[in-house]
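Working notes for the structure below.
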Amino acid sequence: MITDLAVLGYHDETRRMEVLSLHPGVTLEDVQEKTGFEIGAADELTETPAPGEQELDVLRNEVDPHGYVIGR
Numbered sequence: 590m591i592t593d594l595a596v597l598g599y600h601d602e603t604r605r606m607e608v609l610s611l612h613p614g615v616t617l618e619d620v621q622e623k624t625g626f627e628i629g630a631a632d633e634l635t636e637t638p639a640p641g642e643q644e645l646d647v648l649r650n651e652v653d654p655h656g657y658v659i660g661r
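Written out as structure tokens, the structure reads:
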């Protein structure tokens, strides 16, 4: 799951949701404070890479073509 703070996924063994990567400028504490449930972190927590041109094109033209959420 991609949020405005981080990328989340499920731990393979425990099946509990965990933070896989943090968006630039966001801390694990930020995510934990704003999450309504206990959430852990992956063993190798990374920074979310910026989207490339192809991802931006899909977001702008297919996901939000009117720019309501993403803007222009």
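Be aware that the sequence shown starts at 590, since it is given in the working numbering, and climbs by one per residue.
All C-beta atoms in this analysis are idealised placements derived from N, C-alpha and C, irrespective of residue type, glycine included.
Supposed close pair residue i, residue j - CB separation, criterion 8 Å
i      : j      : result
Asp619 : Leu597 : Wrong, their Cβ atoms sit about 13 Å apart, outside the cutoff.
Ala630 : Val608 : 5 Å
Whether residue i touches residue j by CB criterion (9 Å)
i      : j      : result
Thr635 : Leu617 : no
Arg649 : Ile628 : no
Thr592 : Pro613 : no
Cβ neighbours of residue i in the same chain (closer than 6 Å, five flanking residues each side left out)
i      : result
Asp653 : Ile659
Residue interval of the alpha helix (DSSP H) (run including residue i)
i      : result
Leu645 : 642-647
Own chain partners of residue i with C-beta closer than 8 Å, once the 5 adjacent residues on each side are dropped
i      : result
Thr624 : none
Endpoints, beta strand (DSSP E) assigned at residue i
i      : result
Glu651 : Segment: none, Glu651 is in no beta strand (DSSP E) and carries neither H nor E.
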